[in-house]
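Just so you know, the sequences run in chain order A and B. The working numbering numbers the first residue of the first sequence as 1 and each following residue consecutively. The working numbering numbers the first residue of the second sequence as 1001 and each following residue consecutively. Notes to accompany the following structure.
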Amino acid sequence: MFRLEPRGERSQFWTFCSPVLAVALTIVTMALIFAAMGAPPLAGIETFLISPLLSVSGLSSLAVRAAPLIMIGVGLAFCYRANVWNIGGDGQFTLGALAGGGLALFFPNQAFWWFYPVVLIAGVLGGMFWAGIVAFLKLRFNANEILTSLMLVYIAQLVLVWLVTGPWRDPQGYGFPQSAMFGAGSTTPDIFGTTMHLGCILAPLLAIAIWLIMGRTVLGFQLRVVGQAPRAARYAGFSNAKLTWIALLVSGGLSGLAGIIEVTGPIGQLTTGITPGYGFTAVIVAFLGRLHPIGVIFAGLLLALSYLGGDAAQINLNLPNAITGIFQGVLLFYLLGADILILYRLKRVKRAVQAGIPALEPAE
Amino acid sequence: MDAMIEPVPGPSAAGPLLALRGIVKQFPGCLANDHVDLTVGRNEIHALLGENGAGKSTLVKIIYGVMKPDAGTITWDGRAVTIANPAQARSLGIGMVFQHFSLFEALTVAENIALGLNNPADRVGLNDRIVDISTRYGLPLDPDRAVHDLSVGERQRIEIVRCLLQNPKLLIMDEPTSVLTPQEVKKLFETLRRLAAEGCSILYISHKLEEIRALCERATIMRLGKVVAHCTPAQKTARELAELMISATLKPQDFRQRTGRAAAPRLVLDRLTIRSNQQFGTDLKDISFSVAGGEILGIAGIAGNGQSELMDALSGEIPAGSPKNILLDGAEIGHEGPTARRRRGACFLPEERNGHGAVGMMTLAENGFLSANVRAVLNRLGLIDRKRTRAFAAGVIKRFDVRTTGPEAEARALSGGNLQKFLIGREVVQTPSVLMLSQPTWGVDAGAAAAIYEALVALADAGTAIVIISQDLDEILLLCDRIAVIAAGRVSPPMPVKEATIEQIGLLMGGGGAPVAEVAHVPA
Chain A
1 MFRLEPRGER
11 SQFWTFCSPV
21 LAVALTIVTM
31 ALIFAAMGAP
41 PLAGIETFLI
51 SPLLSVSGLS
61 SLAVRAAPLI
71 MIGVGLAFCY
81 RANVWNIGGD
91 GQFTLGALAG
101 GGLALFFPNQ
111 AFWWFYPVVL
121 IAGVLGGMFW
131 AGIVAFLKLR
141 FNANEILTSL
151 MLVYIAQLVL
161 VWLVTGPWRD
171 PQGYGFPQSA
181 MFGAGSTTPD
191 IFGTTMHLGC
201 ILAPLLAIAI
211 WLIMGRTVLG
221 FQLRVVGQAP
231 RAARYAGFSN
241 AKLTWIALLV
251 SGGLSGLAGI
261 IEVTGPIGQL
271 TTGITPGYGF
281 TAVIVAFLGR
291 LHPIGVIFAG
301 LLLALSYLGG
311 DAAQINLNLP
321 NAITGIFQGV
331 LLFYLLGADI
341 LILYRLKRVK
351 RAVQAGIPAL
361 EPAE
Chain B
1001 MDAMIEPVPG
1011 PSAAGPLLAL
1021 RGIVKQFPGC
1031 LANDHVDLTV
1041 GRNEIHALLG
1051 ENGAGKSTLV
1061 KIIYGVMKPD
1071 AGTITWDGRA
1081 VTIANPAQAR
1091 SLGIGMVFQH
1101 FSLFEALTVA
1111 ENIALGLNNP
1121 ADRVGLNDRI
1131 VDISTRYGLP
1141 LDPDRAVHDL
1151 SVGERQRIEI
1161 VRCLLQNPKL
1171 LIMDEPTSVL
1181 TPQEVKKLFE
1191 TLRRLAAEGC
1201 SILYISHKLE
1211 EIRALCERAT
1221 IMRLGKVVAH
1231 CTPAQKTARE
1241 LAELMISATL
1251 KPQDFRQRTG
1261 RAAAPRLVLD
1271 RLTIRSNQQF
1281 GTDLKDISFS
1291 VAGGEILGIA
1301 GIAGNGQSEL
1311 MDALSGEIPA
1321 GSPKNILLDG
1331 AEIGHEGPTA
1341 RRRRGACFLP
1351 EERNGHGAVG
1361 MMTLAENGFL
1371 SANVRAVLNR
1381 LGLIDRKRTR
1391 AFAAGVIKRF
1401 DVRTTGPEAE
1411 ARALSGGNLQ
1421 KFLIGREVVQ
1431 TPSVLMLSQP
1441 TWGVDAGAAA
1451 AIYEALVALA
1461 DAGTAIVIIS
1471 QDLDEILLLC
1481 DRIAVIAAGR
1491 VSPPMPVKEA
1501 TIEQIGLLMG
1511 GGGAPVAEVA
1521 HVPA
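Pasting the structure below:
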């Protein structure tokens, strides 16, 4: 038998190695799942995790998939550092797409160079607005932000569905639930003639910017103090309300930016399926990256790979596309499990001592 | 692992139930129990009395098997025993009700009690037994109610019933009335008297004097790890008990030359009244005092009488009702938060270091930035000026001889005393006009304490007004010009330390137990 014993402090080693352990265990589990589904396990892993990386087009798809994950994930990491648990990235992503996309639809033939940046800013504001509702509810009514941000995801999705099946539906779209394609003046520029776009460059730059803000600025310092020791923040005179607003607006804005770049870039229009759950996957990205902006970049790439791997497994091995969701779920499961090693160590205990159920003792 | 000692009726029944002889428990840097003797008789309600840090809790933990003594013997029911763990203590017949309950809010009363039973077989018919015991001892409880619906008094009853189900012969109660209303206290006392009459002795830990005079037949009084007296509380006045409890080992008072010059008041509290934001906090009532430049005012008092609320009010963490309630150099600042008060020249340091005065996971440089950024300007255009921040911390480390590897060391890596030196230094080097501290030398060794005293005296001599909230009376007598006492959220008018007597102070400290005064009215 093993027992968990408190270490008494955080283990630096496991803080960084628990994601590695979690990824390793996930790969083993995935191999078992492949075997159970009748696919050869090693070939399955190869198809799922390695084959997408072997071509230029695969790498560029990886960057395209990773861009929104990194942008949302880095915003969530910023927010979580302040102990504010925004899990509604998907809703803020959707509102960003709607705000910026709506602007692009109303002015379809803008040729001014400044129009595209305005569309992006509208997307950022849309995401901020959606996250701002969460901040308002939390500070005014003490409503739990986990619940409100999650519920706002579904509201955002319904608003999206209503708009693209109703007022914003493309008249020439044969009745499909989608808007018209955006005009040339509001399309995310491609780079190097690949499928990669502006967002692929912006995402890592934003991650670095958030890193600098967290580490070097007074604001970032206040945010870290409020997250680690709220009483110390009060003692220092930092305003909890102000920091909650900032944390939510920044993460909402980044999600909104990811949303508008996604619809003006790879998708090119508003449809009912603009996000395959990027906002939720980004929660895994933030934790796998240890809430550190640079860690988020790597975690974003890994989870982007799970989307590509899911596609590849579907095409080459006839496995259902749900394999992506399984991979992400298993990874989060192991990560949360492995994280217990940061605060606890495993200890062997002899069976004999175990007689009787130990009674509750108050923790001293 | 079952009872190593079968209770033997007969000859042993005549002697005391529990006798401790020469108990010694040493912690690093602190002798918590120094040859403590304690005897609890049968059918007796025995008080264990002492200030915070006197060693009461350590002693009780030894009896309940949570800690092992370094030396000494325990005799239970006439036989020498070693109590290895709480399960064994329970099987001997020792039950304990802790100050902080360990209950699951979402579960029912019966489920909570079932979780605490050693033997799963005891769960059969549990509900009936809970009802039976709770009615017999006047502890009404509905086994099927969820704990989150219950008042604090009802929750305490669960803990008591949980103990009584095991038929204890000794029930240890740790500060049971600190969370109760006067009515609940009255009921509890009835229950305890009944239990004692039926053969369950009670060891009652408290520092509330009137309570002990009303309830307990015998008392053992501790101070600084030693037993200072065994007595019969009913034969002593509250004042006499207080004197025994605090009987300050008065040191010569020549620590500083008191100038006695009449300077203008720098900090004035005018009828400050604040509701506590804590569930079991103490409201501050009508507090007025003033402190002049160059003066050190000490506020004495027993823990939990409003000290932390007063500190929060002084720092601005809880704003006062009206700006006029607090004046700083003549300006009305009652409504201002900590940053605005710092800007005006105030500095402060609360009692709790971890997570309040400092952030354990951050470096000393960052912890310096935490409170010194406003006055020492450690930022440039919103960016942390890392050079200045590091230099600031290094300066504090050097001047206050903080033993550490440098400004990049994490605060939690420092010993308590060293961290406290750093934190006091952080405030002192900002040369505040008013400095407000709570428990400045709590858990600090003598050398570090002396260094802190010296720095405070030097600061006062340079014209700063200093307020020290402390439970250490020796410290106040040593350091302060005037002393006031906080009790039940009220602060007594300050008096010069030279004129204060231990009797006066003891009376002020003990007289504050508002809930008890109504219950236990014993003519003096």
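A virtual CB, placed ideally from N, CA and C, is assigned to each residue, including glycine. All figures in this text were calculated on a predicted structure; none of them were measured in a lab.
Q: Could you pull the start and end residues of the beta strand (DSSP E) that Ala1484(B) belongs to?
A: Looking at the DSSP string, the run of the beta strand (DSSP E) that includes Ala1484(B) is Arg1482 to Ala1487.
Q | Exposed unless 16 or more other CB atoms sit within 10 angstroms - verdict on His292(A) | A | Note on His292(A): 16 or more other CB atoms within 10 angstroms of its CB, so buried under the neighbour-count rule.
(Q) Just to confirm, is the Cβ distance from Phe1369(B) to Phe78(A) under 8 Å? (A) Pairing Phe1369(B) with Phe78(A) gives a Cβ-Cβ distance that is not under 8 Å.
Q: Taking Tyr1064(B) as the reference, give the member of Glu1352(B), Thr1082(B) and Phe1422(B) with the closest Cα.
A: Distances from the alpha-carbon of Tyr1064(B) to those of Glu1352(B), Thr1082(B) and Phe1422(B) put Thr1082(B) closest.
Q: Have a look at Leu1171(B) and Leu1038(B) and give me their C-alpha separation to the nearest angstrom.
A: Straight-line spacing of the CA atoms in Leu1171(B) and Leu1038(B) works out to 15 Å.
Q | Backbone CA spacing between Asn1043(B) and Pro1168(B) [nearest angstrom] | A | In a straight line, the C-alpha of Asn1043(B) is about 12 Å away from that of Pro1168(B).
(Q) Which runs of the alpha helix (DSSP H) at least 4 residues long sit entirely within the segment 134 to 170 of chain A? Give them in chain order. (A) 145 to 165, all fully within the segment 134 to 170 of chain A.
Q. Under 7 Å Cβ-Cβ, which residues of chain A neighbour Gly1337(B)?
A. By Cβ distance, chain A contributes Gly237.
Q. Does DSSP put His1148(B) in a helix, a strand or coil?
A. His1148(B) carries a helical assignment under DSSP once its states are collapsed to helix, strand and coil.
Q. Does DSSP put Cys1216(B) in a helix, a strand or coil?
A. Residue state, collapsed to three classes: coil.
Q: Kindly list, in the order they appear in chain A, the residues whose Cβ is closer than 9 Å to that of His1356(B).
A: By Cβ distance, chain A contributes Ala229, Arg231, Ala232, Arg234 and Tyr235.
Q.
Between the segment 199 to 218 of chain A and the segment 253 to 263 of chain A, can you find at least three pairs of beta-carbon atoms closer than 8 Å?
A. The segment 253 to 263 of chain A is in contact with the segment 199 to 218 of chain A.
**Q.** Partners in chain B for Leu219(A), counting only beta-carbon separations shorter than 7 Å
**A.** For Leu219(A), the chain B residues whose Cβ falls inside 7 Å of its Cβ are Gly1382, in order along the chain.
Q.
Determine, for Val250(A), whether the minimum Cβ-Cβ distance to residues of chain B falls below 8 Å.
A. Not closer than 8 Å to any Cβ of chain B, the Cβ of Val250(A) fails to qualify, so no.
Q | Buried or exposed by the 16-neighbour rule on C-beta atoms within 10 Å, applied to Arg1194(B) | A | Exposed: under 16 other Cβ atoms inside 10 Å.
Q.
Is it the case that the segment 260 to 273 of chain A contacts the segment 101 to 110 of chain A, given that we only count it when at least three CB pairs across the two stretches are under 8 Å?
A. Yes, they touch.
Q | Collapsed DSSP secondary structure at Asn1354(B) in the structure displayed | A | Asn1354(B): strand per DSSP, three-state reduction.
Q: Return helix, strand or coil for Trp1076(B), following the three-state DSSP convention.
A: Residue state, collapsed to three classes: strand.
Q. What residues in its chain sit with their C-beta under 8 Å from that of Asp1270(B), if we drop five residues either side in the sequence?
A. The residues are Ser1288, Lys1324, Asn1325, Ile1326 and Leu1327.
Q) Closest to Ile326(A) by CA distance: which of Thr281(A), Phe16(A) and Val349(A) is it? A) Closest option to Ile326(A), Cα to Cα, is Thr281(A).
Q) What residues from chain A crowd round Pro1350(B), counting only those whose CB sits closer than 7 Å? A) Pro1350(B) reaches chain A at Tyr235, counting residues in chain order whose Cβ is nearer than 7 Å.
Q: Note down, in chain order, each residue of its chain lying with its Cβ closer than 7 Å to the Cβ of Met181(A), except the 5 sequence neighbours on either side.
A: For Met181(A), where only same-chain residues beyond five positions count, the Cβ hits under 7 Å are Gly268 and Gln269.
Q: Kindly indicate if chain A contains any beta-carbon less than 8 Å away from that of Ser1371(B).
A: At a cut-off of 8 Å between beta-carbon atoms, Ser1371(B) makes contact with chain A.
Q. Do His1148(B) and Glu1105(B) have their CB atoms nearer than 8 Å?
A. Yes, Cβ-Cβ distance for His1148(B) and Glu1105(B) is below 8 Å.
Q) Based on Cα-Cα distance, which residue from Ala1365(B), Leu1284(B), Thr1441(B) and Ala1391(B) lies nearest to Val1491(B)? A) Looking only at Ala1365(B), Leu1284(B), Thr1441(B) and Ala1391(B), the smallest Cα-Cα distance to Val1491(B) is reached by Leu1284(B).
(Q) By DSSP's criteria, Gly1298(B) is part of a beta bridge. Which residues make up the other side? (A) Per the DSSP secondary-structure output, Gly1298(B) pairs in a beta bridge with Ile1468(B) and Ile1483(B).
Q. Hey, quick one: how far does the alpha helix (DSSP H) through Leu343(A) stretch, first residue to last?
A. Its alpha helix (DSSP H) spans residues Ile340 to Leu343.
Q: Round the Cβ separation of Ala1397(B) and Leu1437(B) to the nearest angstrom and send it over; I've been treating them as touching at under 8 Å.
A: Before going further, note that residue 1397(B) is Ile rather than Ala in the sequence given. Not really, about 19 Å apart at Cβ, beyond 8 Å.
Q) DSSP state of Thr275(A), grouped into three classes? A) If DSSP states are grouped into helix, strand and coil, Thr275(A) belongs with coil.
Q) What are the start and end residues of the beta strand (DSSP E) that includes Arg1266(B)? A) Membership of Arg1266(B) in the beta strand (DSSP E) is indicated by the continuous run Pro1265 to Ile1274.
Q: Can you tell me which of the three DSSP states Leu1508(B) falls into?
A: Helix, per DSSP.
**Q.** Proximal residues of chain B, C-beta to C-beta of Val226(A) below 7 Å
**A.** At a beta-carbon threshold of 7 Å, none of the residues of chain B lie near Val226(A); the nearest stands roughly 10 Å away.
(Q) Report the CB separation of Leu1018(B) from Val1040(B) in whole angstroms; it is logged as a contact under 8 Å. (A) Yes, they are in contact, since the Cβ atoms of Leu1018(B) and Val1040(B) sit about 4 Å apart, within 8 Å.
Q: Indicate, with yes or no, if the ligand COA has a heavy atom lying under 7 Å from the CB of Ile210(A).
A: Although the ligand COA was asked about, the structure shown includes no ligands whatsoever.
Q | For Ala1393(B) and Gly1406(B), the rounded distance between their alpha carbons | A | Answer to the nearest angstrom: the Cα atoms are 8 Å apart.
Q) Which value, in whole angstroms, describes the spacing of the CA atoms of Glu1454(B) and Arg1353(B)? A) The alpha-carbon of Glu1454(B) is positioned some 21 Å away from that of Arg1353(B).
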